[in-house]
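S.K.: Have a look at the structure that comes next, please.
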Amino acid sequence: AGGMNIEGLVESIRSMAEQKKLSGYRIGYVLGDDITDRIPQLQAEGVTFENIDGTGDFNEIRDKIVNANVYFGHEPLVECLKGGANVIITGRAADPSLFLAPIMYELGWKPDDWDNLARGIMAGHLLECGGQGSGGNFDYDWRSVPRMDELGFPIAEISDDSFHITKAPDCGGLVTEQSVKEQFLYEIHDPANYITPDVTVDISRATLTQDGADRVRVDNIKGKPRPEKLKLNIGYFAGYKVSTLISYAWPDAYEKAQYAAEIIMKKMKRKGLKAEEIRIDYIGLNSLHLNVANMDPDYVRDLNEVVLRISLRTKEKSEAEKIVPEIAPLQLNGPPGSSFFGGRAKVQEVIGLWPTLVPRDAVKLTPQIITV
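Here the sequence shown is numbered in our numbering, starting from 56 and rising by one per residue.
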């Protein structure tokens with residue numbers, strides 16, 4: 056919750072607690088996940104910071120680094136709980152670890168009890184996205200979800216060898232075998248090796264069973280030793296971006312939008328645009344489905360409306376700015392039936408992502424507590 060300014064949030068909470076006269080309120084927080092300042096030393100010690108995706112040369116982005124935050128696990132969170140913290144502020148703790156920590160603290164699980172840790176992680180995995188675990192974003196049958204305007208978040212009940220997912224009975228949403236399965240498999244690439252900072256989880260033989268209304272039992276989750284390396288997300292300055300929008304109405308909405316894009320790109324050529332990347336989308340047609348969108352001429356010809364979006368990424372801000380003044384004039388100096396909305400596009404800085412791994416012992420996390 057602390058994001059990039061943990062101590063700032065701690066101070067805000069302390070101030071709120073004082074205003075509410077919560078004497079004795081204990082605020083725990085964890086520092087050390089941002090290792091930006093330690094990168095030169097670690098590189099000198101032999102850490103290569105190789106990109107997980109296998110692309111690029113780290114030396115090309117080393118001098119452009121904005122932040123470098125490690126995904127960490129339960130350990131400092133449990134220490135804060137042992138210290139009596141009423142609230143804990145963290146940086147880039149792994150999402151399910153936020154749930155595993157209080158489970159371990161309450162049930163006394165050991166840090167090498169891999170099967171139990173795996174169950175705790177998967178319970179957290181089913182809770183971490185809130186209402187997505189209780190009927191939100193339910194692809195199988197979203198129409199059947201009751202009272203989505205009052206969607207209740209899922210609840211995990213942990214027992215010795217399994218756990219249940221349920222929700223408060225007076226809230227909307229649903230908890231079914233199918234809805235839980237969708238969240239269960241969310242963001243998991245290898246079901247036999249779901250890697251987290253705390254444990255490597257094997258759900259390849261897991262079972263989910265409906266065990267009453269809005270109640271699903273989860274069994275047969277196994278754990279393996281935790282990885283020796285932790286994931287590090289490095290943010291680096293990657294230039295500038297801008298996205299422009301203009302809509303076109305029936306008839307021939309797509310054809311008009313195509314022609315408008317052609318006009319803009321001719322203008323950009325005359326301005327000598329130097330772009331790292333150019334993307335042209337037709338929202339309402341192919342901006343999501345790209346090359347698998349239905350592009351049948353009869354279908355495309357009769358679209359009610361299409362929004363043209365042209366996006367640029369550039370090294371220099373001045374290059375991205377070249378397209379900004381060209382969009383609004385298209386209303387009167389381009390194809391008919393257009394509508395300009397949202398105001399002039401704003402050029403923004405781009406923070407690129409460099410995902411990598413670092414040795415666990417390279418990260419020095421420090422749990423701390425202050426008392427109001």
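By construction, the Cβ of each residue, glycine as well, lies at the ideal position given by its N, Cα and C atoms. Bear in mind that the values here come from a model prediction, so they are computed numbers and not experimental data.
(1) In the DSSP assignment, what are the bridge partners of residue 409?
(2) Take residue 107 and list the residues in its own chain whose beta-carbon comes closer than 8 Å to its own, dropping the five residues that flank it on each side.
(3) Output the boundary residues of the beta strand (DSSP E) element that contains residue 218.
(4) Using a Cβ-Cβ cut-off of 7 Å (strictly less than) and excluding sequence neighbours within five positions of residue 176, which residues of its own chain qualify?
(5) Going by other Cβ atoms of all chains shown within 10 Å of its Cβ, with 16 needed for buried, is residue 181 buried or exposed?
(6) Can you check the stretch 68-138 for any beta strand (DSSP E) of at least 3 residues that lies completely inside it and give the ranges in chain order?
(7) Do the stretch 103-118 and the stretch 84-92 touch if we need at least three Cβ pairs shorter than 8 Å?
(8) According to DSSP, is residue 200 part of a helix, a strand, or is it coil?
(9) Provide the residue(s) that pair with residue 360 in DSSP beta bridges, ordered along the chain.
(10) Given a threshold of 16 other Cβ atoms within 10 Å of its Cβ, counted over all protein chains shown, does residue 59 qualify as buried or as exposed?
(11) Do the stretch 394-406 and the stretch 333-352 touch if we need at least three Cβ pairs shorter than 8 Å?
(12) By the DSSP assignment, the beta strand (DSSP E) with residue 422 in it spans what residues?
(13) Beta carbon of residue 379: closer than 7 Å to some heavy atom of the ligand GDP?
(14) Does the distance from the CB of residue 360 to the CB of residue 303 come in under 8 Å?
M.R.: According to the structure data:
(1) 289
(2) 286, 410, 411 and 412
(3) 218-222
(4) 151, 155, 251, 253, 254 and 256
(5) buried
(6) 81-86 and 120-125
(7) no
(8) coil
(9) 304
(10) exposed
(11) no
(12) 421-426
(13) This structure lacks the ligand GDP; in fact it carries no ligand of any kind.
(14) yes
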